[in-house]
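When the sequence shown is numbered by my numbering, its final residue is 463 and no position is left out of the sequence of numbers.
Ideal placement from N, C-alpha and C gives every residue a C-beta, glycine not left out.
Quick caveat: nothing in here was measured; it's all calculated off a predicted structure.
Shown next, in structure tokens, is the structure this report addresses.
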Amino acid sequence: MSNILGMYGQKNNISIADQDYPSVEGWPEGFVPVAIHTVDDDTDYVLNPGADCDRQIKLWEMAKNSSEIKSFVNRNDTPLTLIKEHVHGEMRAIVVIPVGTDEEHSEVASLLANLTVYCGHDVHMDNLWVIRDALLVEQIHANKTLREVNNWFSDDLFNHMTAVNHQVEAYQNGIFNDTLIMNNLDIGNELQKIRGGSMVNDINMHMNIKLECQNKSSNGCKWINGLKYYVYSALRYHQNEANVTLYPITHLVDSCKGRQYCSLDVFRMFANRTKPDLPMSEQSRIRSKKGFTDLATFKHVDANFSGAKLILALESRQSTLRQGHLHA
Numbered sequence: 136m137s138n139i140l141g142m143y144g145q146k147n148n149i150s151i152a153d154q155d156y157p158s159v160e161g162w163p164e165g166f167v168p169v170a171i172h173t174v175d176d177d178t179d180y181v182l183n184p185g186a187d188c189d190r191q192i193k194l195w196e197m198a199k200n201s202s203e204i205k206s207f208v209n210r211n212d213t214p215l216t217l218i219k220e221h222v223h224g225e226m227r228a229i230v231v232i233p234v235g236t237d238e239e240h241s242e243v244a245s246l247l248a249n250l251t252v253y254c255g256h257d258v259h260m261d262n263l264w265v266i267r268d269a270l271l272v273e274q275i276h277a278n279k280t281l282r283e284v285n286n287w288f289s290d291d292l293f294n295h296m297t298a299v300n301h302q303v304e305a306y307q308n309g310i311f312n313d314t315l316i317m318n319n320l321d322i323g324n325e326l327q328k329i330r331g332g333s334m335v336n337d338i339n340m341h342m343n344i345k346l347e348c349q350n351k352s353s354n355g356c357k358w359i360n361g362l363k364y365y366v367y368s369a370l371r372y373h374q375n376e377a378n379v380t381l382y383p384i385t386h387l388v389d390s391c392k393g394r395q396y397c398s399l400d401v402f403r404m405f406a407n408r409t410k411p412d413l414p415m416s417e418q419s420r421i422r423s424k425k426g427f428t429d430l431a432t433f434k435h436v437d438a439n440f441s442g443a444k445l446i447l448a449l450e451s452r453q454s455t456l457r458q459g460h461l462h463a
């Protein structure tokens, strides 16, 4: 928003009163109002990976029934040290977990079970992030009180929650250890179509139009010939360090093989692989009376990408692209 305000909030005799901004008492002269939200969050299929989508719910339920996720949640092969103590008059169990070892993920089921006791509500894969994020905020704003009131809380517990939550997010974004085929569908690829495919393909579309319209003055090109700045604005961006600037993450894309600069063909391949088979407004509402097998009427495509998060600058003569893993 600060960036846009800097571009459109100047008294530079370019903005026209009553055309670009209201000419009324109290309105800053030259300030062009900027829309904050133009699409309802629940149906924003470009920027909100969690937008309402029956198909995503069905696919995720299928994924949770896979052997990989069941193994992740139910493994219980590490000895537990159970400590019982009274917290505000209640007997509670504390699990000591070997954080930072190969067995760190072994006690997922026990972690969720104990958090259920600590929080007084059922804690599972789908709502673990709520507890984890709340504890993160409390550590920032009320760390002393958090630890005084909740004797069960510790840095090791929080680190373990974070590690488990990150793995759950990877699964939700369609990133599995191996290609997950269920009912003739590549579940990972289908999830990525829904959670990131629309945005990636929207970016790909604008880049292609920009390139195709170079040195052309036809009516279909006029709107984009002068376009140098196209912004996707969404909430929930978190930067751990306020003084750390954006940095390239292209090397995290599998097909870029550790390079900071990668062929545009890699991005285009990913866009093609994750392009939704139908407009998301239609695909998201598909319901199945016969069960999950109806989902297999969609295309099945095999590939080995992990995903991509993009920072894009469209300029008159070149397109600059940076890529990294998609965790939305």
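Segment limits, alpha helix (DSSP H) that includes residue i
i, result
"Tyr-253", "243-254"
"Ser-158", "Unbroken run through Ser-158: none, as it is neither H nor E."
"Asp-337", "333-347"
"Ile-192", "189-199"
"Met-142", "137-143"
"Asp-408", "Note that residue 408 corresponds to Arg in the displayed sequence, not to Asp. Counting along the chain, the alpha helix (DSSP H) containing Arg-408 begins and ends at 399-408."
"Val-169", "From DSSP, Val-169 is part of no alpha helix (DSSP H); its letter is neither H nor E."
"Ile-384", "No alpha helix (DSSP H) contains Ile-384, which DSSP labels as neither H nor E."
"Val-265", "263-284"
"Gln-302", "290-307"
"Gly-355", "354-360"
"Ile-310", "Ile-310 -> no alpha helix (DSSP H), and no H or E assigned at all."
"Ile-204", "202-209"
"Gln-418", "415-418"
Residue i and residue j closer than 8 Å at C-beta
i, j, result
"Tyr-180", "Met-342", "no"
"Leu-315", "Ser-201", "yes"
"Gly-332", "Thr-409", "yes"
"Val-208", "Met-142", "no"
"Gly-116", "Leu-320", "With the chain covering 136 to 463 only, the question about residue 116 has no answer from this structure."
"Val-169", "Asp-155", "no"
"Met-497", "Tyr-365", "Nothing in the structure corresponds to residue 497, since the chain is present only between 136 and 463."
"Val-265", "Leu-247", "no"
"Asn-336", "Ala-406", "yes"
"Arg-267", "Ser-419", "no"
"Ile-322", "Lys-345", "no"
"Gln-307", "Trp-195", "yes"
"Phe-311", "Glu-242", "no"
"Met-197", "Met-340", "no"
"Ala-186", "Thr-178", "yes"
"Val-299", "Leu-263", "yes"
"Cys-188", "Ile-329", "yes"
"Leu-182", "Ala-369", "yes"
"Lys-193", "Gly-165", "no"
For residue i, the residue or residues it bridges with in DSSP
i, result
"Met-316", "Position check: residue 316 holds Ile in this sequence, whereas Met was assumed. Beta-bridge pairing links Ile-316 to Asp-321."
"Ala-152", "Tyr-156"
is_contact[residue i, chain D] using C-beta, thresh 8 Å
i, result
"Asn-336", "Of the protein chains in the structure, only one exists, and it is not chain D."
Counting Cβ pairs closer than 8 Å, one from the segment 277-295 and one from the segment 159-166, do we hit at least three? no
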